[in-house]
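Asker: So for the sequence shown, the numbering used here puts the first residue at 10; every next one is plus one.
For each residue, glycine too, the CB sits at the ideal point set by N, CA and C.
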Amino acid sequence: MTTPRQHLKNAAGFVLVWAVAKLAHRVRFRTAGAVPRRGPVILVANHLTMSDPLAVARVTIGHRRFPHFLAMKEVFGWPVVGALARATGQIPVARGSAAAADALDAASERLEQGQLVALYPEGRLTTEPDKMPGPARTGAARLALRHPEAPVIPVGTWGPQQGHRHLWHRHTACLSVGDPVDLSPWAGRTDDAAAREVTDAIMAAIREEIGHARQMWESR
10 MTTPRQHLKN AAGFVLVWAV AKLAHRVRFR TAGAVPRRGP VILVANHLTM
60 SDPLAVARVT IGHRRFPHFL AMKEVFGWPV VGALARATGQ IPVARGSAAA
110 ADALDAASER LEQGQLVALY PEGRLTTEPD KMPGPARTGA ARLALRHPEA
160 PVIPVGTWGP QQGHRHLWHR HTACLSVGDP VDLSPWAGRT DDAAAREVTD
210 AIMAAIREEI GHARQMWESR
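(1) Please go through the same chain and pick out, in chain order, the residues whose beta-carbon is closer than 7 Å to the beta-carbon of P189, but skip the five residues on each side of it.
(2) If you follow the beta strand (DSSP E) that L125 is part of, which residue opens it and which one closes it?
(3) So which of G86, E137 and P144 has the shortest CA-CA distance to E206?
(4) For the beta strand (DSSP E) holding L79, just list the boundary residues, first then last.
(5) Would you check if the segment 60-74 and the segment 108-122 touch, i.e. whether three or more CB-CB distances between them fall below 8 Å?
(6) Taking the CB atoms as reference points, tell me whether V50 and R74 lie closer together than 8 Å.
(7) Would you call the CB atoms of G168 and E218 closer than 8 Å?
(8) At the level of alpha carbons, what is the spacing between T97 and E227?
(9) Using a Cβ-Cβ cutoff of less than 7 Å, which residues in the same chain neighbour R223 once the five nearest sequence positions on both sides are dropped?
(10) Do L154 and R198 have their CB atoms nearer than 8 Å?
(11) Restricting to Cα atoms, I'd like to know which of P88, V89, R95 and G71 is closest to H77.
(12) Helix, strand or coil for T69? Go by DSSP, reduced to three states.
(13) Check G42 in the structure and name its three-state DSSP category.
(14) Give every residue of the same chain whose Cβ lies closer than 7 Å to the Cβ of R46, excluding the five residues on either side of it in the sequence, and list them in chain order.
(15) Identify whether G165 lies in helix, strand or coil by the three-state DSSP scheme.
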């Protein structure tokens, strides 16, 4: 259970995240379905640049939801950024180790507390030349199968990669937030085949939202 002291610490951290996010991006977004303001939510998105979480945070905080991202554990050791990640309750992932599963357990606990958990199913920055998502891991799908009560909200992002080489340039990010992914065909299943199929469904939904985000970018 979160203590009042932790609530205050988290609130201060999120105020700072909001301020930094506004400095980092001009955000334009469309929402097909509103992000639920209460209850567990799993948000999944494509990953173009290291600053993507800031753009996503602007959208979720605008819906009065604070995101808890799964992020590589190295981030938590970075100056300033690491302290902010710890203060706001982000979830470290020890990639490529047996402890990586611990991150899903931590995310599961956040969902049980009615929080919003955000993941990048690729588990890394997009490396495809066309900047569309590449192969995805099954972590987001396994979390969704474990928590059928949590809607899976797909988000497509486009634009930040255009200014990626200019660190201090304020980028324009276009985000499209879609309707929850329909996972009813896999109700009651947690097997590996279901996780792979759900991963494919999630990535298809993300790609659809990227298309909407790209249209916004091109017509801005």
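Answerer: Concretely, from the data shown:
(1) Excluding positions up to five away in sequence, the list reads G42, P160, V161 and I162.
(2) Note, L125: beta strand (DSSP E), L125 to L128.
(3) It is P144.
(4) Note, L79: beta strand (DSSP E), P76 to M81.
(5) Below 8 Å, too few C-beta pairs join the segment 108-122 and the segment 60-74 to call them touching: fewer than three.
(6) With respect to the 8 Å criterion, V50 and R74 are classified as neighbours on the basis of their beta carbons.
(7) Not a contact, by the Cβ cut-off of 8 Å.
(8) Each residue's CA atom was taken as its position, placing T97 and E227 some 34 Å apart.
(9) These residues qualify, in order along the chain: W167.
(10) Taking 8 Å as the Cβ cut-off, L154 and R198 qualify as a contacting pair.
(11) Comparing Cα positions, the closest option is R95.
(12) The DSSP-derived three-state label of T69 is helix.
(13) Coil.
(14) Around R46, the same chain offers H72, R73 and R74 as residues with beta carbons nearer than 7 Å, after the five sequence neighbours per side are excluded.
(15) G165 falls in the strand class under three-state DSSP.
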